[in-house]
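A.B. asks: Quick one: the structure is below, and I'll ask about it shortly.
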Amino acid sequence: MKWNAIGAAMLALWMSPAEAVEQGSQGARYQDGWLLASEREGLVWQQGDQTRTVLPGRFEALAVAADLALTIELTEDRVVPVKLTATGAQALSPLPQRTFQVEWLCLQRHADSDSLYAWIGGERGWAEQWLMQSGRHWQPTLMRTLPVPPDASACAVDSAAQQLLVVDASAGVWRYPAASHAPLERELLLAMPDAGLTAISIDEQRGLWLLDESGHLYDGDGNRTGVRFDDHGEWEGLAVAAGQALAYDDERGRYVWQPLKTRGVTPLEPVDAIAEAPAWVESDVADRPGDTMDDPAIWVHPTHPERSRIIGTNKRWGLLSFDMAGNTVQALAVGRVNNVDIRQGVKLGGQLRDVGVASNRDGDTLTPFLIDAEGELALLPDLPTDIEEIYGLCLYQPANDELHVIANGKSGEMVQYRLDWRDEVLRATELRRLWLPSQPEGCVADDRAHRLFAGEEDAGIWLFDARPDGDSQGVMIAEVGPNLVADVEGMDLYHGDKGYLVVSSQGNDSYVLYDSEPPYAYRGRMRIGNHLKAGIDGSAETDGLAVTAAPVGSGGWASGMLVVQDGRNRMPDGFHNFKWLPFSEVLKAAGIE
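In mature numbering (1 follows the signal peptide of the UniProt record, and there is no 0), the protein residues as written are -20 to -1, 1 to 573.
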């Protein structure tokens, strides 16, 4: 961290207990005392019956997490991070000037990724999330923007649950998912439209407390506690900790403490934490907003694994190919392709070929292509199907010289075709039809074990015999529930020393791992998080994914990789793209290795 000139001039001025800290707005518990923001005295440390200014200036609003504070410096109207030390405080470089007046703020810790975020907002109905620190790396970076009610006046973060709580004087308390990858959604946690709420605090036991402008204190159920600061004044800036409630009287310019019993208070809802591994690489973004990137596949270079390619679909117009650094190297406008899969070294027409096929919603066709020794794609003529609203697709190679494609439609129907090389093109012959009860999409075939795994988006994962003369009845092997949250989307198989079925659990932005052998036991789950130093955000709302156990480079890439579609590209908000990371990092985050 770099200190600026403001922080270099520190002051430790002791004041007598009788001298009130005037013109404040917000205090926060810090170590065994309180840190108070003041427009006259600066940042003031209060412990017992003594106070001292630890940083001169004009400040309002305050949040503290560990040894970092965040406040608003009023002279320049900037949000300033402050490093707290045993002897005082030092101001860091302020955030860039915002396009709205910042009036409230709070801090969010994320223990799994060792990261610290900040939320800042104002009464114009706008808030921003900033990633301040990841590990030891300090580089404040705007993650995303969030619309909030125009009457929003204060915030608090339940870091254990990664939830942002916002006070809305005209409605009550809104709850937003606070993870940086989370969707833009909210729910009314407490309906209190007539209470005149001004402030909110979460104590050490995750108990929720609220304050109204008349000084009444409320618990997390919205009930008055019987504690009131007094019936005079205009109250704001609540902080509850260490058996005390602190609030600021804006009418008389003073801080007031009240004793408070916090034991036995019902905490906020319990949480189910999911560990993260940071993304290592991201692709170029889509050329337009909206629902674009969908499904990736991995082509491994036969002699130079670092030259491997990621082939992805943009379901608005075509196929894309990326190098291992994420740069676009080829783009083919083939139509509204949805899913893609490839097989390498298939003997077709007497030659070994690398073949790919994509499902194409323009005409409900299959779009095949060849891949040369350097990863260049060459299109072949489309293959017709009679599938209505073609959707997902996967390949199955039952023998060295045999290749099948299994394509599905939104009705739940799956059609298995054999691909043959005739007259210098691929031809498709229907072999059989399978059915799922409702809409499928993701599927993957285990070529060696002749198994077909298929996802029913709202229900779970089905297992079929992949052989065309095998049993056509499927068996549900993993149902939607706490571990696998609908929609069930992309899936692929990792063939390493141990085999894993990897599935996109879109409903909670995670990736679930199962054994690829019976009884297909659940092994763990993980998320892909932010990589602040590399300037890459995590992934969420994933549709398709792909994995390989083959080396795709040196170092961490020697044991393969996972690539996923990112449906909420951030840091800051942007169009869809793909993210990838070594598979060894996936296993670590999932608690498997």
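Where is the CB? At the ideal position from N, CA and C, for every residue including glycine.
Got a sec? Which residues, its chain only, sit under 7 Å from Arg323 by beta carbon, not counting five neighbours each side?
C.D. replies: The sequence position of residue 323 within the sequence shown is 343, counting from 1. Excluding sequence neighbours, Arg323 sits near Val335, Leu375, Gln377 and Leu383.
A.B. asks: For Gln142, count neighbouring Cβ atoms within 10 angstroms of its own Cβ and tell me buried if that reaches 16, exposed if not.
C.D. replies: Within the sequence shown, numbered from 1, the residue matching residue 142 stands at position 162. That one is buried.
A.B. asks: Taking the Cβ atom as the reference point for each residue, do Gly435 and Glu459 lie within a distance shorter than 7 Å?
C.D. replies: Along the sequence shown, one-based indexing puts residue 435 at 455. Along the sequence shown, one-based indexing puts residue 459 at 479. No, the Cβ-Cβ distance between Gly435 and Glu459 is not below 7 Å.
A.B. asks: So what does DSSP say about Leu360, is it helix, strand or coil?
C.D. replies: Along the sequence shown, read from residue 1 onward, the residue named residue 360 stands at position 380. Coil at Leu360, not helix or strand.
A.B. asks: In whole angstroms, what is the alpha-carbon distance linking Arg234 and Ser5?
C.D. replies: Position 254 of the sequence shown holds residue 234. Position 25 of the sequence shown holds residue 5. Looking at the two C-alpha atoms, the distance is approximately 9 Å.
A.B. asks: To the nearest angstrom, how far is the alpha carbon of Val34 from that of Cys135?
C.D. replies: Position 54 of the sequence shown, counting from 1, holds the residue named residue 34. Position 155 of the sequence shown, counting from 1, holds the residue named residue 135. If you take the alpha carbons of Val34 and Cys135, they lie about 25 Å apart.
A.B. asks: Below 8 Å on the Cβ atoms is my guess for Leu406 versus Leu357; work out the distance and round it to an integer in Å.
C.D. replies: In the sequence shown, the residue the question calls residue 406 occupies position 426. In the sequence shown, the residue the question calls residue 357 occupies position 377. Incorrect: roughly 14 Å between the Cβ atoms, too far for contact.
A.B. asks: For Thr347, does the count of other Cβ atoms within 10 angstroms reach 16, so buried, or fall short, so exposed?
C.D. replies: As a position in the sequence shown, residue 347 is number 367, starting the count at 1. Buried, since its Cβ has 16 or more Cβ neighbours within 10 Å.
A.B. asks: Output the distance between the C-alpha atoms of residue 655 and Leu218, rounded to the nearest integer angstrom.
C.D. replies: Coverage of the chain is limited to positions -20 through 573, which leaves residue 655 absent and any answer about it impossible.
A.B. asks: Could you tell me which residues DSSP pairs with Trp297 in its beta bridges?
C.D. replies: The residue given as residue 297 occupies position 317 in the sequence shown. In DSSP, Trp297 forms no bridge with anything.
A.B. asks: Let me check one thing: in DSSP terms, what residues is Gln143 bridge-paired to?
C.D. replies: Within the sequence shown, residue 143 is the residue found at index 163, counting from 1. DSSP lists Asp138 and Pro157 as partners of Gln143.
A.B. asks: List, from N- to C-terminal side, the beta strand (DSSP E) runs of 3 residues or more that fit wholly inside the segment 331 to 407.
C.D. replies: The segment 331 to 407 contains these whole beta strand (DSSP E) runs: 331 to 340, 345 to 351, 357 to 359, 370 to 379, 382 to 389 and 393 to 402.
A.B. asks: Since Ala107 and Val137 are thought to touch, with beta carbons under 8 Å apart, how far apart are those beta carbons, to the nearest angstrom?
C.D. replies: Here residue 107 corresponds to residue number 127 of the sequence shown, with the count starting at 1. Here residue 137 corresponds to residue number 157 of the sequence shown, with the count starting at 1. Their Cβ separation, rounded to whole angstroms, is 12 Å, which puts Ala107 and Val137 out of contact at 8 Å.
A.B. asks: Restricting to Cα atoms, I'd like to know which of Ser418, Lys513 and Ala8 is closest to Asp467.
C.D. replies: The residue given as residue 467 occupies position 487 in the sequence shown. It is Ser418 whose Cα lies nearest to the Cα of Asp467.
A.B. asks: Between Lys295 and the ligand NAD, is the CB less than 6 Å from at least one heavy atom?
C.D. replies: The ligand NAD is not among the ligands present in this structure, which contains no ligands whatsoever.
A.B. asks: Closer than 8 Å is the cut-off here; do at least three beta carbon pairs connect the segment 250 to 268 with the segment 206 to 222?
C.D. replies: no
A.B. asks: With DSSP as the reference, label Lys513 as helix, strand or coil.
C.D. replies: Translated into the one-based positions of the sequence shown, residue 513 becomes position 533. DSSP places Lys513 in coil when its eight states are reduced to three.
A.B. asks: Report buried or exposed for Ser18, applying the criterion of at least 16 other Cβ atoms within 10 angstroms of its Cβ.
C.D. replies: Sequence index remark: in the sequence shown, residue 18 carries index 38 (1-based). By the 10 Å Cβ count, Ser18 comes out buried.
A.B. asks: Once you ignore the five residues that flank Thr308 on each side, which residues in its own chain have a CB closer than 8 Å to its CB?
C.D. replies: Sequence index remark: in the sequence shown, residue 308 carries index 328 (1-based). Result list for Thr308: Ser263, Asp264, Leu300, Ser301 and Phe302, in chain order.
A.B. asks: Between which residues of its own chain and Ile572 is the CB-CB distance below 6 Å, once the five residues before and five after are set aside?
C.D. replies: Locating residue 572 in the sequence shown gives position 592, where the first residue counts as 1. Correct list, in chain order: Arg503 and Gly504.
A.B. asks: Roughly how many angstroms lie between the CA atoms of Trp(-7) and Glu21, to the nearest whole one?
C.D. replies: The residue given as residue -7 occupies position 14 in the sequence shown. The residue given as residue 21 occupies position 41 in the sequence shown. The predicted model places Trp(-7) with a pLDDT of 35, which falls under 50 and marks its position as unreliable, so this point remains unresolved.
A.B. asks: May I have the straight-line CA-CA distance separating Val465 from Asp252, to the nearest angstrom?
C.D. replies: Along the sequence shown, one-based indexing puts residue 465 at 485. Along the sequence shown, one-based indexing puts residue 252 at 272. If I take the Cα positions, the gap works out to 13 Å.
A.B. asks: Below 8 Å on the Cβ atoms is my guess for Asp229 versus Gly244; work out the distance and round it to an integer in Å.
C.D. replies: The sequence position of residue 229 within the sequence shown is 249, counting from 1. The sequence position of residue 244 within the sequence shown is 264, counting from 1. Not confirmed; about 28 Å, so no contact.
A.B. asks: Specify the secondary structure class of Leu567 as computed by DSSP and reduced to three states.
C.D. replies: Position 587 of the sequence shown holds residue 567. Residue state, collapsed to three classes: helix.
A.B. asks: Under 8 Å: do the segment 84 to 101 and the segment 47 to 56 share three or more Cβ pairs, one atom per stretch?
C.D. replies: yes
A.B. asks: For the putative contact between Ile386 and Ala425, defined by C-beta atoms under 8 Å, what is the C-beta separation to the nearest angstrom?
C.D. replies: One-based indexing of the sequence shown puts residue 386 at position 406. One-based indexing of the sequence shown puts residue 425 at position 445. Confirmed, about 7 Å.
A.B. asks: Where do the ends of the beta strand (DSSP E) carrying Ala425 lie?
C.D. replies: For the purposes of this step, residue 425 is identified with residue 445 of the sequence shown, where counting begins at 1. Ala425 -> beta strand (DSSP E) spans Pro420 to Asp426.
A.B. asks: Between the beta-carbon of Pro361 and the beta-carbon of Thr345, is there less than 7 Å?
C.D. replies: Residue numbering aside, residue 361 sits at position 381 when the sequence shown is read from its first letter. Residue numbering aside, residue 345 sits at position 365 when the sequence shown is read from its first letter. No, the Cβ-Cβ distance between Pro361 and Thr345 is not below 7 Å.
A.B. asks: Taking the continuous beta strand (DSSP E) assigned at Asp546, which residues delimit it?
C.D. replies: Start at 1 with the first residue of the sequence shown, and residue 546 comes out as number 566. Run containing Asp546: Met541 to Asp546, per the beta strand (DSSP E) assignment.
A.B. asks: What beta strand (DSSP E) runs, 3 residues minimum, are completely inside the segment 244 to 278?
C.D. replies: 256 to 258
A.B. asks: Going by DSSP in three states, Pro285 sits in which element: helix, strand or coil?
C.D. replies: Sequence index remark: in the sequence shown, residue 285 carries index 305 (1-based). If DSSP states are grouped into helix, strand and coil, Pro285 belongs with the helices.
A.B. asks: At 4 residues or longer, and completely inside the segment 21 to 75: list those alpha helix (DSSP H) runs for me, N to C.
C.D. replies: Entirely contained in the segment 21 to 75, not one alpha helix (DSSP H) run reaches 4 residues.
A.B. asks: Could you tell me the boundaries of the beta strand (DSSP E) in which Phe558 lies?
C.D. replies: Position 578 of the sequence shown, counted from the first residue, corresponds to residue 558. Per DSSP, Phe558 belongs to the beta strand (DSSP E) from Asn557 to Pro562.
A.B. asks: Please name the residue in Ser73, Gly115 and Leu72 whose C-alpha comes closest to that of Ala91.
C.D. replies: Mapped onto the sequence shown, residue 91 falls at position 111. Cα-wise, what sits closest to Ala91 is Gly115.
A.B. asks: Going along the chain, which residues of its own chain have a beta-carbon closer than 7 Å to the beta-carbon of Ala379, five neighbours each way excluded?
C.D. replies: Taking the sequence shown and counting its residues from 1, the one referred to as residue 379 is at position 399. Nothing meets the Cβ criterion.
A.B. asks: Measure the Cβ-Cβ separation of Asp489 and Leu525 and say whether it is below 7 Å.
C.D. replies: For the purposes of this step, residue 489 is taken as the residue at position 509 of the sequence shown. For the purposes of this step, residue 525 is taken as the residue at position 545 of the sequence shown. No, Cβ-Cβ distance for Asp489 and Leu525 is not below 7 Å.
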